[in-house]
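Take any residue in the sequence shown, note its place counting from 1, add 98, and you have its number in the numbering used here.
The C-beta atom is built at its ideal place from N, Cα and C for all residues, glycine as well.
One structure below.
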Amino acid sequence: MYGKLVKGIERSTFLIDESGIVAALWRKVKVAGHAREVLSEVRKLVHA
């Protein structure tokens with residue numbers, strides 16, 4: 099932190115559409131509630 103290199107994990111989710119285009123992405127994901135948010139975006143994409 100603050101200019102110092104550290105090793106760690108960054109949770110990210112990428113939603114890819116049928117054409118292979120990134121339709122949505124989430125960085126620094128918190129597990130609680132995330133699946134619900136992703137499912138909501140998938141439903142929007144499917145019904146668009």
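- For the pair L113 and E139, the CB atoms are nearer than the 9 Å cut-off.
- Taking 9 Å as the cut-off, the Cβ atoms of V136 and A122 count as close.
- With a cutoff of 9 Å on beta-carbon distance, V120 and R109 are scored as not near each other.
- The straight-line gap separating the alpha-carbon atoms of G131 and W124 is approximately 13 Å.
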